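Numbering of the sequence shown is given in the numbering used here, commencing with residue 1 and proceeding in unit increments.
C-beta atoms are modelled at their ideal positions from N, C-alpha and C, and glycine is treated no differently.
Quantities reported herein were computed from a predicted structural model and do not represent experimental measurements.
One structure is given here, and the rest of the page talks about it.
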Amino acid sequence: MSQTYKICLLPGDGIGPEIIAEGVKVLDAIGKKYDTTFEYTEALLGGIAIDETGTALPQETLDVASASDAVLLAAVGGPKWDTTDPNKPRPEQGLLGIRKALGLYANLRPVKIFNALADASTLKPEVIDGVDMVIVRELTGGLYFGERGREYDVEGAGVDGAKGQRAFDTLMYSEYEVERIVRHAFETARKRRSKVHSIDKANVLESSRMWREITHRIAEDYPDVELNDMLVDNTAMQLVNAPTQFDVVVTENMFGDILSDEASMLTGSLGMLASASLGDGTALYEPSHGSAPDIAGQGIANPLAQILSVEMMLRYSFDMNDAADDIARAVDEVLNEGWRTKDLVNADTPEDKVVGTKEMGDLVVAHLGA
Ligand code: NAD
């Protein structure tokens, strides 16, 4: 019997609408091949939601998202909505808000080298050859969700003892938040090369000392998985020094944010990296990059990270592993044939192999073997 899945689409801002269209194109082709219907409902998030409703995350969007089997997001944000005024809505509030509301506490970002793109990396081929890791980032706690504030006219906070302003953010974790993300990492490692690096700053931060303690307790349940503790500053070095040592990397929200962007550069293009945000209910899939306002509307954005986020959706939300493998293979084949969006071009790329957003989507569909 044919299966139907409800998908909430959040195109967002900048290149968002252009790349999500290619994700949908690929999903539709997969639906035909595997006798599956994907029903889409589009909703507002980010800057466009601020423009149309005054808030980055309208209640209606949350309702649609929660009632869906999965959420496909493109990207939000842009200079139009940049503000330092804490009382004005910002697009990122939509992103953080939907993650929190859907209880998406685990963000998975695979970082794998596509052979055809090995020369796009700024690192030497011998350093990145064989890189294949997943960064498991805690997504709903830590510094990005702790209490924060700003005080004005504070005695002595200004220059030379004058009155000035003061700001603070709080890094707080509860035991259960650490436990569930670390378990997730160990479970993920069991399906891979059975190695976990837990990243912290236990030499300075109390929250990190608790993180490490809990991680070691959980590790006892996984004697088959190797656990390594690594300080976040050392990790930043090791990621560019010897990145093949990593299999599963688990860490708190802000460290994960920064390290996953650094790791993404191993592949040479932010336009290639997908991510999945998982909790106990509806999951959300999105590219790791932002809304690229500098190239929005030009039809040149790379849609592959969005398409690879569809691959993750099929795998994690719908258990459609064959369909997910089709997408991974199709992307590999298209790249091996030499097709490139502008961000992937180098000096050796022939001009007739440079394609736009839509053409790249069409090429992937043509290679799905439908
Ligand atoms: P960005 O990822 O949007 O862009 C960085 C650079 O990479 C730009 O030169 C851009 O053109 C390029 N790039 C990114 N994605 C690309 C793609 N698919 N194809 C080709 N080139 C691509 O990061 P930024 O410039 O720091 O941020 C722009 C906006 O996006 C900001 O408002 C930021 O807040 C927002 N942002 C949103 C998310 C999200 O929605 N998850 C994540 C990061 C940044």
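Which listed residue (the options) has its alpha carbon closest to that of residue i
i, options, result
"Glu-311", "Val-364, Ala-292, Arg-340", "Val-364"
"Asn-117", "Asp-82, Ser-264, Ala-167, Asp-35", "With the sequence shown as reference, residue 117 is identified as Leu, and Asn is not the correct amino acid for it. Per the Cα distances, Ser-264."
"Leu-44", "Phe-38, Val-131, Thr-61", "Thr-61"
"Asn-234", "Glu-262, His-216, Arg-166, Met-210", "Glu-262"
"Glu-177", "Lys-342, Thr-215, Thr-267", "Thr-215"
"Ser-68", "Ile-7, Ile-30, Met-172", "Ile-7"
"Thr-341", "Val-354, Arg-329, Thr-349", "Val-354"
"Asn-346", "Tyr-105, Ala-120, Gly-103", "Ala-120"
"Lys-191", "Gln-238, Met-133, Ile-128", "Met-133"
"Val-136", "Gln-3, Asn-302, Leu-270, Val-111", "Val-111"
"Gly-338", "Leu-143, Pro-350, Asp-82, Arg-329", "Pro-350"
"Thr-4", "Glu-333, Met-320, Asp-348, Leu-344", "Met-320"
"Phe-186", "Gly-164, Met-254, Met-210, Tyr-222", "Tyr-222"
"Glu-333", "Ala-292, Tyr-152, Leu-368, Ala-101", "Leu-368"
"Ala-49", "Gly-149, Leu-344, Asn-336, Trp-81", "Trp-81"
"Ile-295", "Met-360, Gln-59, Gly-356, Arg-148", "Gly-356"
Simplified DSSP assignment, three categories, for residue i
i, result
"His-367", "coil"
"Glu-151", "strand"
"Gln-165", "strand"
"Thr-61", "helix"
"Gln-298", "coil"
"Ala-283", "strand"
"Val-355", "coil"
"Tyr-222", "coil"
"Gly-16", "helix"
"Tyr-5", "strand"
"Phe-38", "strand"
"Pro-79", "helix"
"Val-310", "helix"
"Glu-235", "Here residue 235 is Thr; the residue named in the question, Glu, does not match the sequence. Helix, per DSSP."
"His-184", "helix"
"Glu-333", "helix"
"Arg-137", "strand"
"His-289", "coil"
"Thr-215", "helix"
"Ile-199", "strand"
"Ser-269", "coil"
"Val-345", "coil"
"Pro-350", "coil"
"Asp-132", "strand"
"Asn-87", "coil"
"Asp-261", "helix"
"Leu-44", "coil"
Residue i: CB within 7 Å of a non-hydrogen atom of the ligand NAD
i, result
"Asp-343", "yes"
"Gly-12", "yes"
"Asp-294", "yes"
"Glu-22", "no"
"Leu-117", "no"
"His-184", "no"
"Glu-92", "yes"
"Ser-198", "no"
"Asn-346", "no"
"Leu-44", "no"
"Ile-19", "yes"
"Gly-290", "yes"
"Val-76", "yes"
"Asn-107", "no"
"Ile-15", "yes"
"Glu-286", "yes"
"Leu-308", "no"
"Ala-49", "no"
"Met-95", "Sequence inspection shows Leu at residue 95; the Met mentioned does not correspond to that position. At least one heavy atom of the ligand NAD is nearer than 7 Å to the Cβ of Leu-95, so yes."
"Leu-270", "yes"
"Asn-302", "yes"
"Ala-263", "no"
"Ala-219", "no"
Assigned exposure category for residue i - 16 Cβ within 10 Å defines buried
i, result
"Thr-122", "exposed"
"Val-204", "exposed"
"Gly-78", "buried"
"Arg-217", "exposed"
"Phe-145", "buried"
"Gln-306", "buried"
"Asn-107", "buried"
"Ala-162", "exposed"
"Pro-86", "exposed"
"Phe-255", "buried"
"Ile-99", "It is worth fixing the name first, because residue 99 is Arg in this sequence and not Ile. The residue is buried, with at least 16 neighbouring Cβ atoms inside 10 Å."
Cutoff 8 Å: residue i Cβ touching any chain B Cβ
i, result
"Val-354", "In summary, chain B is missing from the structure at hand, where a single protein chain is found."
- request: Please determine if the stretch 190-203 and the stretch 217-233 are in contact, where contact requires at least 3 C-beta pairs separated by less than 8 Å.
  value: Inter-segment contact for the stretch 190-203 and the stretch 217-233 is present: three or more beta-carbon pairs are separated by less than 8 Å.
message: Quick test of the definition: if touching needs 3 or more C-beta pairs under 8 Å, does the stretch 322-329 touch the stretch 295-312?
response: For the pair of segments examined, the stretch 322-329 was found to touch the stretch 295-312: the number of CB pairs separated by less than 8 Å reaches three.
- request: Count the CB pairs spanning the stretch 245-258 and the stretch 29-43 that are closer than 8 Å, and state whether there are at least three.
  value: Segment contact: the stretch 245-258 against the stretch 29-43, fewer than three CB-CB distances shorter than 8 Å; contact not assigned.
message: Is it the case that the stretch 8-18 contacts the stretch 44-60, given that we only count it when at least three CB pairs across the two stretches are under 8 Å?
response: Enough Cβ pairs lie closer than 8 Å, so yes.
field: Cβ contact (3+ pairs, closer than 8 Å) linking the stretch 47-58 and the stretch 92-101
entry: With contact defined as three or more Cβ pairs closer than 8 Å, the stretch 47-58 and the stretch 92-101 are in contact.
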